[in-house]
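Single-structure report; data block below.
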Amino acid sequence: MSGNLDDHENKLISAHLQNMKLTCEDSFEELRMNWTSIYGSNDPEFCEKLKTLQDELKQFWEDQIRAVVDIKIQLTASVEVMAKEAFNLEKALGLPNSSSSTSLSDAPLLKLEEEYKKMVNSYNEIRNERFKEYLDLKEQENELCEVLDETPHLSDFRNTLDEAVEGKSPRLYIPTGEDLTAAVARIHTLKGLQNQLETEFEKLKRELKNILDDCEIRPFNKVECAAFDHDVIFPCTKLNFESLLEVTEGYRLTKAELATRAEELRTEISTLWHKMLKDNEELQGFLSIYNNFRKSTIEKLEEKLKSLKLERKEKMKELILASRIALDELWTRCCYSDDQ
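In the working numbering, the protein residues as written are 3 to 342.
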C-alpha cells in the first residue's frame, strides 16, 4: 500500500478526465445545435458564455478529482501507519496476524482506516493491561527484595519506554508472556524465601525470649524488647534477622557461661558437703531446688558455698583446738617434761 498513485491509477484518472472532456464537448455541441435550431444563428455572446461555462465545468471536475486523489493519498498514508502499528503490536503481544488479513486488503480505505483504528485501540488496551500486571509484579519484587536484602532481577520497563530496549522499538516494546511467567516465578521464589525468613525470625525471637527468661535478664534494647513483643518497630527483614541472630548468639554464650558456672558451684558444694559428712538427702533437696542457671540461682549457690566454707573453717578450728587439748593431755599422762 503506497501514499502515491501508481501507473494504473494515473491511467484510470486520465481516461476518466478524457471521457469527461468528450462528454462535455458532446453536451455543449448539442446545446449549440439546439440554440441554432431555435434562434437560427450562433450569437457571439451566447458562444462566449457557453465557452466560459465549458471551461468552468471542466475546472470544477478537475478540482473534484484532484481533491479525491489527495484524500486517497492521505488515507493511504494513514492506513499504512496504523497497519504497521497494528502489526508491531500483534508481534509484541504474540497475537494472530489479523492486520494482514486478505479480507482487510479488499476493503474501502475509509472502512480500512476504521478497522485499523479499532484494532490498534484494542491492542493498546491489552498492552496497558499487560504493563499494569507486569509493573504490579515488579512493585512486589521491589518490596520483597527490600525485606530480603536481595537485588531486583525484573526489568523496570517504565524507565526504558523512551529508550531502545534490546534493539526493539521502545514505543511498542512491552513485557512478553515469557516476561510475565518469569515475573510470577520470581515473586513465588521471593515469597518462599520470605516465609522461610519469617519462620526463622519467629523461632529466634522465641529462643532469645527463653534465654533472657532463663538467665533473668531484663530486655533493654529494641531487639530484646521485640523478642517479648513489646511495642517496638522491628519488622521481619533480612537486616533485622541478622541483628536478632547476632544478639541471640551473644546470649547463647552468656547462657552457656552461666550454666557452666552454676554446674561448677553445684560440684564444689557437693564435694564440700561430702567432706563435711553432712546429710546426703539434705544436699539432694537443696540441689533440686537450685537446678537451673538463673542469676538468682547462681547467687544462692555462691552464698551456700561461702557459708559451707565458713562452716568448715569453723569446724576445722574446733577440731584443731580439740586435737591440741587431747595432745596436751596425752603428753601429761606420759609424764614427759616440758623439755622432753
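Don't be surprised by glycine CBs; every beta carbon is placed ideally from N, CA and C.
Asked	Found
The region 199 to 214 / the region 246 to 258 touching (three or more Cβ pairs under 8 Å)	yes
Neighbourhood of residue 298 by C-beta, 8 Å cutoff - its chain only, sequence neighbours within 5 removed	218
Own chain partners of residue 131 with C-beta closer than 6 Å, once the 5 adjacent residues on each side are dropped	none
Anticipated Cβ contact below 8 Å, residue 267 with residue 303, distance rounded	4 Å
Local Cβ density within 10 Å of residue 83, reported as buried at 16 or more and exposed below that	exposed
Residue 46, DSSP secondary structure in three states	helix
CB contact flag (residue 115, residue 149, <8 Å)	no
Nearest-angstrom Cα separation, counted from residue 129 out to residue 88	12 Å
Cβ contact (3+ pairs, closer than 8 Å) linking the region 136 to 152 and the region 187 to 194	yes
Of the listed residues 295, 259, 178 and 301, nearest to residue 137 (C-alpha basis)	178
Close Cβ partners of residue 213 (< 6 Å) along its chain, the five nearest in sequence each way excluded	253 and 257
Residues near residue 155 in its chain [Cβ-Cβ closer than 8 Å; skip 5 each side]	143 and 188
Opening and closing residue of the alpha helix (DSSP H) in which residue 201 lies	179 to 216
Segments assigned alpha helix (DSSP H), at least 4 residues, entirely inside the region 53 to 129	104 to 107
Residue 277, buried or exposed, once every other Cβ within 10 Å from all chains shown has been counted against 16	exposed
Three-state secondary structure (DSSP) of residue 318	helix
Residues of its chain near residue 307, where Cβ-Cβ distance is below 8 Å and the 5 sequence neighbours each way are ignored	267, 270, 271 and 274
Residue span of the alpha helix (DSSP H) that contains residue 279, given as start and end	Segment: none, residue 279 is in no alpha helix (DSSP H) and carries neither H nor E.
Candidates 243, 202 and 70, of which the one nearest residue 225 by Cα	243
Alpha-carbon spacing of residue 193 relative to residue 157, whole angstroms	19 Å
Residue 225 - containing alpha helix (DSSP H), residue span	224 to 229
Where residue 236 falls: helix, strand or coil (DSSP)	coil
Residue burial classification, residue 53 (beta-carbon count within 10 angstroms, cutoff 16)	exposed
Residue from 125, 196, 216 and 295 with nearest C-alpha to residue 240	196
Local Cβ density within 10 Å of residue 70, reported as buried at 16 or more and exposed below that	exposed
Whether residue 111 touches residue 74 by CB criterion (8 Å)	yes
Alpha-carbon spacing of residue 60 relative to residue 122, whole angstroms	42 Å
Alpha carbon of residue 293 to alpha carbon of residue 202, nearest angstrom	30 Å
Check whether residue 77 and residue 125 have beta carbons under 8 Å apart	no
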